[in-house]
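This report concerns only the one structure given below.
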Amino acid sequence: MFAKRKLDAEMDEELRSHIELRTQANIEAGMNPDQARHAAAREFGWAESIKDDCRDQRGVQWIENFFQDVRFGVRQLCKNPGFTFVAVICVALGIGATTGIFSVLNAVLLRPLHYARPEQLARLYTEFPGFANGGGQRFGFSQPEYLDLKCDVKQWESIQAYQTGDVNLAGQNEPVRVRAAAVTGGMLNMLGVPAIEGRLVAAEDDKPGAPLSANISFGLWKRVFGADANIVGRDILVDGTKYSVVGVMPQSFSFPPGELDSPDVWVPMQLDTAKPGGRTEHNLSVLGRLKPGITIAQGRADLDSFAQRIQMTAAADSHGFGSKDHPIRSYGLHDEVVRGVKPALRMLLGAVCFVLLIACVNVANLLLARAEARRKELAIRGALGASLRRLTLQFVTEGLLLSFIGVVLGLFLAYGGLQLVKSATAGSLPLASEITIDLRVVLFAISICAVTGLVFGLAPILHVARHDFQNSLKSAATSTTGSAETQRSRHLLVVSELAVALVLLIGAGLMLRAFWNLQKVHAGFDPAGIVTACVSLPRASYSNTRAKMSFWTRLEERLAVLPGIENAALVTGLPPSKSPNYNDTDIEGFVFTPGGPMQNVDFYQSVSKNYFKTLGIRLIEGRLIDQRDGPGAPDVAVINQTMARMFWKGESPIGHRIRPRRDIKEWCTVIGVVEDVKNHGLENNAGTEIYLSMGQTYARDAGDYYVALRSRGQPAAAITALRREIHDLDPSLPLSRVRTLDDVVSAAQSRPRFFTMLLATFSGVALVLAAVGIYGVISYSVAQRTREFGLRMALGAQRGDVLGLVMGRGMLLALAGIVIGLSGAFVLTRFLSTLLFGVTPTDPATFAVVSALMGAVAFFASYIPARRATRVDPMVALRHE
Numbered sequence: 063m064f065a066k067r068k069l070d071a072e073m074d075e076e077l078r079s080h081i082e083l084r085t086q087a088n089i090e091a092g093m094n095p096d097q098a099r100h101a102a103a104r105e106f107g108w109a110e111s112i113k114d115d116c117r118d119q120r121g122v123q124w125i126e127n128f129f130q131d132v133r134f135g136v137r138q139l140c141k142n143p144g145f146t147f148v149a150v151i152c153v154a155l156g157i158g159a160t161t162g163i164f165s166v167l168n169a170v171l172l173r174p175l176h177y178a179r180p181e182q183l184a185r186l187y188t189e190f191p192g193f194a195n196g197g198g199q200r201f202g203f204s205q206p207e208y209l210d211l212k213c214d215v216k217q218w219e220s221i222q223a224y225q226t227g228d229v230n231l232a233g234q235n236e237p238v239r240v241r242a243a244a245v246t247g248g249m250l251n252m253l254g255v256p257a258i259e260g261r262l263v264a265a266e267d268d269k270p271g272a273p274l275s276a277n278i279s280f281g282l283w284k285r286v287f288g289a290d291a292n293i294v295g296r297d298i299l300v301d302g303t304k305y306s307v308v309g310v311m312p313q314s315f316s317f318p319p320g321e322l323d324s325p326d327v328w329v330p331m332q333l334d335t336a337k338p339g340g341r342t343e344h345n346l347s348v349l350g351r352l353k354p355g356i357t358i359a360q361g362r363a364d365l366d367s368f369a370q371r372i373q374m375t376a377a378a379d380s381h382g383f384g385s386k387d388h389p390i391r392s393y394g395l396h397d398e399v400v401r402g403v404k405p406a407l408r409m410l411l412g413a414v415c416f417v418l419l420i421a422c423v424n425v426a427n428l429l430l431a432r433a434e435a436r437r438k439e440l441a442i443r444g445a446l447g448a449s450l451r452r453l454t455l456q457f458v459t460e461g462l463l464l465s466f467i468g469v470v471l472g473l474f475l476a477y478g479g480l481q482l483v484k485s486a487t488a489g490s491l492p493l494a495s496e497i498t499i500d501l502r503v504v505l506f507a508i509s510i511c512a513v514t515g516l517v518f519g520l521a522p523i524l525h526v527a528r529h530d531f532q533n534s535l536k537s538a539a540t541s542t543t544g545s546a547e548t549q550r551s552r553h554l555l556v557v558s559e560l561a562v563a564l565v566l567l568i569g570a571g572l573m574l575r576a577f578w579n580l581q582k583v584h585a586g587f588d589p590a591g592i593v594t595a596c597v598s599l600p601r602a603s604y605s606n607t608r609a610k611m612s613f614w615t616r617l618e619e620r621l622a623v624l625p626g627i628e629n630a631a632l633v634t635g636l637p638p639s640k641s642p643n644y645n646d647t648d649i650e651g652f653v654f655t656p657g658g659p660m661q662n663v664d665f666y667q668s669v670s671k672n673y674f675k676t677l678g679i680r681l682i683e684g685r686l687i688d689q690r691d692g693p694g695a696p697d698v699a700v701i702n703q704t705m706a707r708m709f710w711k712g713e714s715p716i717g718h719r720i721r722p723r724r725d726i727k728e729w730c731t732v733i734g735v736v737e738d739v740k741n742h743g744l745e746n747n748a749g750t751e752i753y754l755s756m757g758q759t760y761a762r763d764a765g766d767y768y769v770a771l772r773s774r775g776q777p778a779a780a781i782t783a784l785r786r787e788i789h790d791l792d793p794s795l796p797l798s799r800v801r802t803l804d805d806v807v808s809a810a811q812s813r814p815r816f817f818t819m820l821l822a823t824f825s826g827v828a829l830v831l832a833a834v835g836i837y838g839v840i841s842y843s844v845a846q847r848t849r850e851f852g853l854r855m856a857l858g859a860q861r862g863d864v865l866g867l868v869m870g871r872g873m874l875l876a877l878a879g880i881v882i883g884l885s886g887a888f889v890l891t892r893f894l895s896t897l898l899f900g901v902t903p904t905d906p907a908t909f910a911v912v913s914a915l916m917g918a919v920a921f922f923a924s925y926i927p928a929r930r931a932t933r934v935d936p937m938v939a940l941r942h943e
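Here is the structure:
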């Protein structure tokens, strides 16, 4: 009719008459009226108009149906507030958790680094496979090695080096301690990020003797220099040396990437190619950019060829590159930045997908129950002519509406959760500052919304479609008991969510046990009551050994008499977060054997005489460093148990001699052996360690020391006293890294603690959802079987019989879920092996305890509706029958 009205309005009177006559003739020829009119219109050139009219009519009808379905869906959700609340909360929890973790993955794993063509950047290392405990991986380069490499590779567009460290910066009011990076001249240009003010440190700045220049970070420019518009060209003092600021970097710039304490100052390294230093000092970090079109594999092959060329021409004892003894390795820069967290983040994504799956199963169960309750409505609509397609569109619209509400709430939950994650990731995640909900995350959430909406819509309609509408109408008029097939479907869903929840809980249990084992590790020292701070002497003010030793000696004397301080000491590195040294060390009388240890020591420490007493490190043999071992006295060393066992098997090392540096002739006599100290993480082996006396030959040139104070009172009072003493000695020196040793130990465990916390949280949510699921199934079953229970009790059944009947069904479901979950956990927890400490992925105790916990939760979730079943009044049930 719509097409006819439009046609009549647009065609002229004569054409209308011709079409009407032809239409009448077609009808007389046996066509129905619609066919006759279409044929007449086609004959006179109006067929396309009618097609367009019909298409418009279908489009308008579809839009009307859609809005009608939306209005009906909203009414249904408002009509059942309890159902709507539970379903929306389930969806919001699942989507919120999944979106939040995807946001973390997006920032850390998926988003490229903020450099030009970041996929062409690679991190380069040297390695020493012969070192004990696999400790020779991912070494830096010595200066001669770097200079050789830079000049003799073909597939690399640029190879640059850098070093990082803390420096004293003279600010506007008082000196501050900041992180700095010394870079070769082409480094910042290679990254391809222009300065927002001024220019970058360039190759001409990197020539020895060139005027000293510096780039500063946007944050430092704001924080220390008040966003001074005239900062370019301004002189600053870095470790007492004057540098001219040549540029300010963008706010998003960070180099090296992924470091938790990102540098704020970049200065030229100014390597002296005429005096590059020794080949054993591997203190340069190296970055390379591949030529366009060259893959990382081709770049590696080029480095292997270079190492082979060097090996063929190098002398046997030259410490040169070699394909076996001293190879060069390269890895994509982004892969290196996220290497330490990628397995854990993927594990968390899998965990939240399980949570989302459990949430969807819960909602699907709710929708199946609701579909059973709506069988009469659906039967009547089908009897009145509603097609299965029309009913499907209605259910899908309701599912999408439910999912949309859940995703909106889920995004709010994800945003709030991300704020907590960002505040809890100090020391845990690289690139954590970039975690945000961006367009990719929103599209991810919308995709989940669409998929879950379709699932929610199709799950009940697929069940309804298997039933004949007329039979459904008859059964709906007499009974509301769900079909056996429906019960089986809902039971299967509950078993599956219990199994998935159990896998998550076992994973969380293993992580919790591993973290608990980490807490119980004896680190070799006592951190309680110790406050620490770092003091660094600028090279310009303390240019010689005598000036440095004078300051450290006076500081040690002042600290010894501070009120409220039991013991005070100086040390060059704090456990358990000290980086390895891996220094070649001569050991008198040591004979190398194939497959045995190499003359290389993992950790070197320069310490004052009270260090061992202050940290509570136990003496095993010999004596400790004391007042006899100062400047001018014979050089001495204390070693740890691991080093004693490795190099002096079965005999005492006391009296034996070692030489920490091969370019110095003096030997140190071993005077004592102390207990192993966990220097490089509580989860790692102690490694070999040498303690050298502050002020003696090998420890007299240190410019940086940590101060450790064991205080009787509040840490704040000890730090105030330390600041006062430092200020009296040199007002230009700032204190940095001020914290308790307990905080240092806690920071060393921040990453496993963070991942354990998240996994435990998701597992808790999964457990709650699983409990809700089994409660819902048993509760629905009780509601549907109310008359049956009444009849049973009227015929003599006791309340205990009814309780056992209901509880038996619930526990049977729980048992099936536990058995399937244990099988899945036995397979999947093996992927956690790299994240576990002191516990196996198939730990029987964890599997047993978590299974018992799941059984207990299922028991109580079944008990509550079962108790309700025992309170059915038989007379009421018989009256309804």
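Sequential numbering of the sequence shown, starting at 63, is according to this note's numbering.
Where is the CB? At the ideal position from N, CA and C, for every residue including glycine.
Since this is a predicted model, take the numbers as computed values, not measurements.
Rounded to whole angstroms, what's the CA-CA distance from residue i to residue j? Just pull it up for me.
i, j, result
"V583", "L744", "7 angstroms"
"A257", "Y177", "12 angstroms"
"A783", "G775", "12 angstroms"
"L791", "F613", "8 angstroms"
"P44", "L410", "Residue 44 lies beyond the stretch modelled for the chain, which goes from 63 to 943, so this question has no answer here."
"C152", "I840", "18 angstroms"
"F147", "R550", "25 angstroms"
"F817", "A406", "7 angstroms"
"R133", "T514", "20 angstroms"
"A878", "V557", "6 angstroms"
"V663", "D766", "21 angstroms"
"Q332", "C415", "51 angstroms"
"P903", "G678", "35 angstroms"
"N230", "V327", "11 angstroms"
"N629", "E618", "11 angstroms"
"R601", "E343", "20 angstroms"
"A521", "A828", "21 angstroms"
"N741", "V800", "19 angstroms"
"S392", "D804", "37 angstroms"
Determine the closest residue to residue i out of the options, with distance taken between C-alpha atoms.
i, options, result
"R13", "V769, R432, N606 and P191", "With the chain covering only 63 through 943, there is no way to say anything about residue 13."
"A748", "A585, E683 and R786", "A585"
"W710", "I627, V735 and M756", "V735"
"N702", "A563, F652, S220 and F587", "F587"
"E559", "G658, R690 and A832", "A832"
"G156", "T823, D691 and V912", "T823"
"I592", "S490, L250 and S773", "S773"
"G694", "R608, K740, Q86 and E737", "R608"
"G271", "Y224, G302 and D334", "D334"
For the beta strand (DSSP E) that contains residue i, what are its first and last residues?
i, result
"V769", "D766 to S773"
"I221", "W218 to L231"
"E751", "E751 to S755"
Tell me whether residue i, by its Cβ, gets closer than 7 angstroms to a heavy atom of the ligand COA.
i, result
"A764", "The model depicted lacks the ligand COA and carries no ligand whatsoever."
How far does the alpha helix (DSSP H) with residue i in it extend, from its first residue to its last?
i, result
"I293", "First-last for I293: undefined, no H or E at that position."
"N251", "M249 to L253"
"Q703", "Q703 to F709"
Contact check, residue i vs residue j under 8 angstroms by CB: the rounded distance?
i, j, result
"S794", "P237", "5 angstroms"
"I390", "A369", "5 angstroms"
"L346", "G202", "5 angstroms"
"T932", "R849", "The Cβ separation is near 15 angstroms, so there is no contact."
"Y753", "I687", "7 angstroms"
At least 3 beta-carbon pairs within less than 8 angstroms: the region 630-638 vs the region 717-735: Segment contact: the region 630-638 against the region 717-735, fewer than three CB-CB distances shorter than 8 angstroms; contact not assigned.
Three CB pairs or more closer than 8 angstroms across the region 295-311 and the region 164-172: In short, these stretches do not touch, since the Cβ pair count stays below three.
Touch test, the region 342-358 against the region 267-287, Cβ-Cβ under 8 angstroms, three pairs minimum: With the rule of 3 Cβ pairs closer than 8 angstroms, the region 342-358 does not count as touching the region 267-287.
Any 3 or more C-beta pairs closer than 8 angstroms across the region 666-673 and the region 806-815: Counting Cβ pairs under 8 angstroms, fewer than three are found: no touch.
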